[in-house]
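> Residue 71 is where the sequence shown starts when you use the working numbering, and the numbers rise one by one after that.
The C-beta atom is built at its ideal place from N, Cα and C for all residues, glycine as well.
None of these values were measured; they are calculated from a predicted model.
Submitted below is the structure of interest, expressed as structure tokens.
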Amino acid sequence: MLSRTAAELYWLSRFIERAENIARMLDVAWNLSLIPFAVDARDEISAPLIITGGLELYREKYGEIQVNQVMHFFTLDESNPGSIFHCLRSARENAHAVRGKITAEMWESINSTWLELRDIRELGLDGYGATSFFDWVKNRSHLFRGATYGTVMRSDAFRFLRLGTFIERADNTARILDVKHQNSLAGDTAVDFYRWHALLRSVGAYEAYREIYSETINAERVAELLILRPEVPRSLHSCMQMLCELLPAIEGQAGLQSKRLAAVQFARLQYGDLQHIVEIGLHEYLTDFLRRVNELADTIREEYLEVV
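Here it is in structure tokens:
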């Protein structure tokens, strides 16, 4: 497969996954900001800016942090490269460039998403409804992922699409867990409970937590769930396991360093335990993970996606 085609497929799936992740973060931040007796609304609405690294760009354009402006910045602001609008537009452009490598169902899914998004932008977030918009983004992401999984051949095209998904997902889970941990207060206070509950909702893992643990939601169990549990689709363990399965399946001899980096990080998760993470410190552990997953993403780009 040509490096350019592989890159288009890889970034197509990363942009779709990123749009969904942003919608999940905003949905939680929006709902928590409406509960002033439980949390500090300013802290919660600032969290997406910190998680995505968009705080400086936001301040340059809008100045003071305000709920409605943060919502617009992350949803329909085309000048923000981290907005849902920008992600879905970029995903559609990538899909158009590789029409011959994706199925008709995949193209129809992403093209109709883009057409609907333009109509929503004309209406505005207030007119459409914030919660309705977040649900729409998640549903459109699920639709595209389902069309991909259900119709595309299990070739390298499929593998590069999946690689982008799991690189993006691992990065997002680590970032949101780190920021929520740093925002939490010492001890199991009511504020902490709301924050950890919201975090589980944002990654679709609330039901999994309730099934696996019978105890009250607390920081250590949430960390264990989202880092070490292979059953949870958005856990770091699950994402790295999928990357370790996908990379060796790509045809050809390229990618030796990518495979090595993925295998090393997966082994750290597979044989890791909560006590080790606690001893290191959750922030330190996640900072190291983000460094490693970004190194892996850079290596994948160098070995597979750049034209030689």
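Curious, which full-length alpha helix (DSSP H) runs of at least 4 residues does the segment 263-306 contain?
276-282, 289-298, all fully within the segment 263-306.
> Given a threshold of 16 other Cβ atoms within 10 Å of its Cβ, counted over all protein chains shown, does P118 qualify as buried or as exposed?
By the neighbour-count rule (16 or more Cβ atoms within 10 Å), P118 is buried.
> Rounding to the nearest angstrom, what Cα-Cα distance links Q323 and I115 in this structure?
In a straight line, the C-alpha of Q323 is about 46 Å away from that of I115.
> Helix, strand or coil: how does DSSP classify G220 here?
Three-state result, G220: helix.
> Return yes when at least one heavy atom of the ligand MG lies under 7 Å from the C-beta of L306, else no.
The ligand MG is absent from the structure shown, which contains no ligand whatsoever.
> Please name the residue, chosen from V363, D262, F228, H251, that lies closest to L306 on a Cα-to-Cα basis.
Looking at the Cα atoms, V363 is the closest of the given residues.
> Just to confirm my understanding: we take R210, look at its own chain, exclude 5 residues before and 5 after, and list those with CB closer than 6 Å. What are they?
Taken in chain order, the residues that qualify are T183.
> At what residues does the alpha helix (DSSP H) containing V168 begin and finish?
Careful: V168 lies outside any alpha helix (DSSP H) and carries neither H nor E.
> Tell me the rounded alpha-carbon separation between N101 and Y264.
Roughly 11 Å between the two C-alpha positions.
> Alpha carbon to alpha carbon, how far is T218 from N181?
So the two alpha carbons sit approximately 14 Å from each other.
> Would you mind sorting L326 into buried or exposed? The rule is 16 or more other CB atoms within 10 Å of its CB.
Exposed: under 16 other Cβ atoms inside 10 Å.
> Given N242, which residues of its chain have a CB within under 6 Å of its CB, disregarding the five upstream and five downstream residues?
Same-chain partners within the cutoff: N91.
> What number of angstroms, rounded off, separates the C-alpha of T75 from the C-alpha of R232?
Their Cα atoms are separated by approximately 14 Å.
> Reducing DSSP to helix, strand and coil, say where A332 ends up.
Note: A332 maps to helix in three-state DSSP.
> Would you mind reading off the limits of the alpha helix (DSSP H) that contains S182?
Start and end: 174-193.
> Chain B beta carbons: is any one of them nearer than 8 Å to that of C309?
Considering every chain present, this structure includes no chain B. It has just one protein chain.
> Buried or exposed: K63, going by 16 or more other Cβ atoms within 10 Å of its Cβ?
Since the first residue shown for the chain is 71 and the last is 378, residue 63 is missing from the structure and cannot be characterised.
> Assign N150 to one of two classes, buried (16 or more other C-beta atoms within 10 Å of its C-beta) or exposed (fewer than that).
Classification for N150: buried.
> Over the uninterrupted alpha helix (DSSP H) stretch that includes I350, give me the two end residues.
I350 -> alpha helix (DSSP H) spans 344-350.
> In this structure, how does DSSP classify G197 when only helix, strand and coil are distinguished?
Here G197 sits in helix by DSSP.
> With DSSP as the reference, label L104 as helix, strand or coil.
Here L104 sits in coil by DSSP.
> So, at 7 Å on beta carbons, what are the nonlocal neighbours of F381 in its own chain, with the 5 sequence-adjacent residues on each side left out?
Nothing can be reported for residue 381, as the shown portion of the chain is limited to 71 through 378.
> Consult DSSP for Q340 and reduce its assignment to one of helix, strand or coil.
Helix at Q340.
> Going by DSSP, what residue range makes up the alpha helix (DSSP H) through Y128?
Counting along the chain, the alpha helix (DSSP H) containing Y128 begins and ends at 125-132.
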